[in-house]
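Participant: In this note's numbering, the protein residues as written are 1 to 207.
Glycine included, every Cβ here is placed at the ideal spot set by N, Cα and C.
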């Protein structure tokens, strides 16, 4: 078959790349959100890979609560959480649940981890990040921003949940299909070109 010829496959790959490069010259936001940290200006010429802005989906925020290691003994995934944000004060209360407990302390994954073999025997209580899922309806009524301070209280009575996640989440936190249509259009064009050229070859030979 013509489509399996190495030269045809190489040409198809080049055409696919050129088509996607042209289509993606128009930037499409992969999520619905608000523009923050915009660095690009009107009329500016940009190079591929340049960071232009950050798009923050404020309807899908979560909280990374840094609890002390001494507070994690009875904490379990799924426990209810009461949340209070400094931006609204005590007038607004959020509800949530413990989504996951970190697999390591913040210092262990720091850019410059502490070196405990230097002879410093001062014990420092470590903190472990705990991800808190916020009620979406309450978040829509009183939107939060990235980086705000919150006070989190976890109800530890129900300890039937697991300490660590037992399996990987079935659904990704963020997904987008904005590029699926572009790839399908490129493949359809390649298929049509191969079909047109393969059907025209016998006619030229008969002449």
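#1: Suppose the cutoff is 7 Å on Cβ atoms and the five residues either side in sequence are ignored; what does the same chain contact list for residue 54 look like?
#2: What does a CB cutoff of less than 6 Å around residue 125 pick up in its chain, not counting 5 residues either side in sequence?
#3: For residue 146, does the count of other Cβ atoms within 10 angstroms reach 16, so buried, or fall short, so exposed?
#4: Using 10 angstroms around the beta-carbon of residue 209, count the other beta-carbons present and answer buried if the total reaches 16, otherwise exposed.
#5: Using three-state DSSP, classify residue 205 as helix, strand or coil.
#6: Taking the alpha carbon of residue 106 as the point to measure from, which residue in 84, 93, 129 has its own alpha carbon closest?
#7: Could you check which residue in 63, 74, 100 has the C-alpha nearest to that of residue 82?
#8: Taking only three categories from DSSP, how would you classify residue 133?
#9: What does the alpha-carbon distance come out to for the pair residue 34 and residue 140?
Facilitator: Let me spell this out:
#1: Sequence-distant Cβ neighbours of residue 54 in its own chain, meaning closer than 7 Å and more than five residues away, are 36, 37.
#2: 68, listed in sequence order.
#3: Flag for residue 146 reads exposed.
#4: Residue 209 lies beyond the stretch modelled for the chain, which goes from 1 to 207, so this question has no answer here.
#5: Here the model assigns residue 205 a pLDDT of 47, short of 50, so the residue's position is not dependable and the matter cannot be decided.
#6: Of all alpha-carbon atoms in 84, 93, 129, the one lying nearest the alpha-carbon of residue 106 is that of 129.
#7: Per the Cα distances, 63.
#8: Here residue 133 carries a strand assignment [DSSP, helix/strand/coil].
#9: Per the coordinates, the alpha-carbon of residue 34 lies some 14 Å from the alpha-carbon of residue 140.
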